[in-house]
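Note sheet for the following structure.
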């Protein structure tokens with residue numbers, strides 16, 4: 001792609017770093033910004049700067065929030081004895097959109113992936129263990145994507161949780177292998193939460 005401006009090229013390269021954004025889409029976004037007035041562009045950049053500077057992670061579940069603890073963790077209507085373990089905030093949003101789950105969450109911040117250099121210590125697994133110890137948690141739902149990395153992470157967490165007196169379950173696999181939770185339709189995802197099964201059944 002030939003650019004008439006180095007500044008334009010640099011901007012396109014930066015936008016192209018975003019996931020799912022190719023060079024053509026990046027160029028379209030940059031050209032759109034150039035067509036806006038300075039006030040609109042300033043508001044856009046200031047919003048991104050404020051997000052990066054001020055966003056917080058819930059000290060209990062590590063979901064993105066504006067406060068020390070997220071609305072889900074502080075809500076008296078949620079079942080505090082059930083924790084749904086997910087990869088990131090996108091999965092929390094996807095499950096919440098089903099209106100089928102009333103427990104709390106634990107955001108790992110990724111999946112175990114040796115090829116990408118991501119090991120158990122890079123995730124919030126130890127924080128999960130600490131939450132469970134002496135907390136009265138009765139069930140942990142492992143709601144991770146049906147991928148090799150997801151299954152590896154589930155198995156590792158299962159081995160770490162076997163010593164605790166609690167139910168360990170996974171979402172029902174109406175979700176095809178290789179599927180990520182954020183792309184699953186709400187009805188299928190909602191049913192997979194409601195029809196969750198004990199993890200031991202999957203490895204027997």
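In full-length UniProt numbering, the protein residues as written are 1 to 204.
Note that the Cβ used here is the ideal one computed from N, Cα and C, for glycine as well.
Beta-bridge pairing of residue 113 - partner residues as DSSP gives them:
Looking up residue 113 in the chain shown gives position 113. Its beta-bridge partners are 118.
Whose C-beta lies closer than 7 Å to the C-beta of residue 129 among residues of the same chain, with five residues either side of it excluded?
If you number the chain shown from 1, residue 129 lands on position 129. Closer than 7 Å at Cβ, skipping near neighbours: 160.
Could you name each continuous alpha helix (DSSP H) segment of 4 residues or more that falls completely within the segment 37-67, going from the start of the chain to the end?
Within the segment 37-67, the complete alpha helix (DSSP H) runs of at least 4 residues are 38-54.
Taking the Cβ atom as the reference point for each residue, do residue 132 and residue 193 lie within a distance shorter than 9 Å?
Working through the chain shown from its first residue, we reach residue 132 at position 132. Working through the chain shown from its first residue, we reach residue 193 at position 193. Taking 9 Å as the cut-off, the Cβ atoms of residue 132 and residue 193 do not count as close.
Determine which residues share a DSSP beta bridge with residue 170 and list them.
Your numbering for residue 170 matches position 170 in the chain shown. When DSSP reads this structure, residue 170 sits in a beta bridge with 142, 197.
Out of 45, 47, 71, which one is the CA nearest neighbour of residue 57?
Translated into positions along the chain shown, residue 57 becomes position 57. Answer by Cα proximity: 71.
Anticipated Cβ contact below 8 Å, residue 87 with residue 145, distance rounded:
Residue mapping note: residue 87 aligns to position 87 of the chain shown, counting from 1. Residue mapping note: residue 145 aligns to position 145 of the chain shown, counting from 1. Rounded to the nearest angstrom, the Cβ distance from residue 87 to residue 145 is 6 Å, consistent with a contact under 8 Å.
Three or more C-beta pairs below 8 Å linking the segment 98-116 and the segment 38-51
The answer is no - the segment 38-51 does not touch the segment 98-116, with fewer than three Cβ pairs under 8 Å.
Below 8 Å on the Cβ atoms is my contact criterion, and I expect residue 143 with residue 171 to pass it. Report the Cβ-Cβ distance as a whole number of Å.
Numbered from 1 along the chain shown, position 143 holds the residue referred to as residue 143. Numbered from 1 along the chain shown, position 171 holds the residue referred to as residue 171. About 5 Å; that satisfies the 8 Å criterion.
When you compare the CB positions of residue 81 and residue 163, do they come within less than 9 Å of one another, or not?
Start at 1 with the first residue of the chain shown, and residue 81 comes out as number 81. Start at 1 with the first residue of the chain shown, and residue 163 comes out as number 163. It is not a contact, given that the beta carbons lie outside the stated cut-off.
Go ahead and label residue 176 buried or exposed: buried means 16 or more other beta carbons lie within 10 angstroms of its beta carbon, across all protein chains shown.
As a position in the chain shown, residue 176 is number 176, starting the count at 1. The pLDDT assigned to residue 176 is 48, lower than 50, so where the model puts this residue is not dependable; a value taken from the coordinates is nonetheless given after this. Residue 176 comes out exposed.
Is it the case that the Cβ atoms of residue 104 and residue 79 are separated by a distance below 9 Å?
Walking along the chain shown from the start, residue 104 turns up at place 104. Walking along the chain shown from the start, residue 79 turns up at place 79. Yes. Within cutoff.
Quick one, are the C-beta atoms of residue 77 and residue 98 less than 9 Å apart?
Here residue 77 refers to the residue found at position 77 when the chain shown is read from its first residue. Here residue 98 refers to the residue found at position 98 when the chain shown is read from its first residue. No; because the gap between Cβ atoms is not below 9 Å, this pair is not in contact.
Taking the alpha helix (DSSP H) that residue 270 falls in, what are its first and last residues?
No statement about residue 270 is possible, as the shown extent of the chain runs from 1 to 204 and does not include it.
Contact check, residue 156 vs residue 199 under 8 Å by CB: the rounded distance?
Residue numbering aside, residue 156 sits at position 156 when the chain shown is read from its first letter. Residue numbering aside, residue 199 sits at position 199 when the chain shown is read from its first letter. Taking 8 Å as the upper bound for CB-CB distance, residue 156 and residue 199 are not in contact here, some 12 Å apart.
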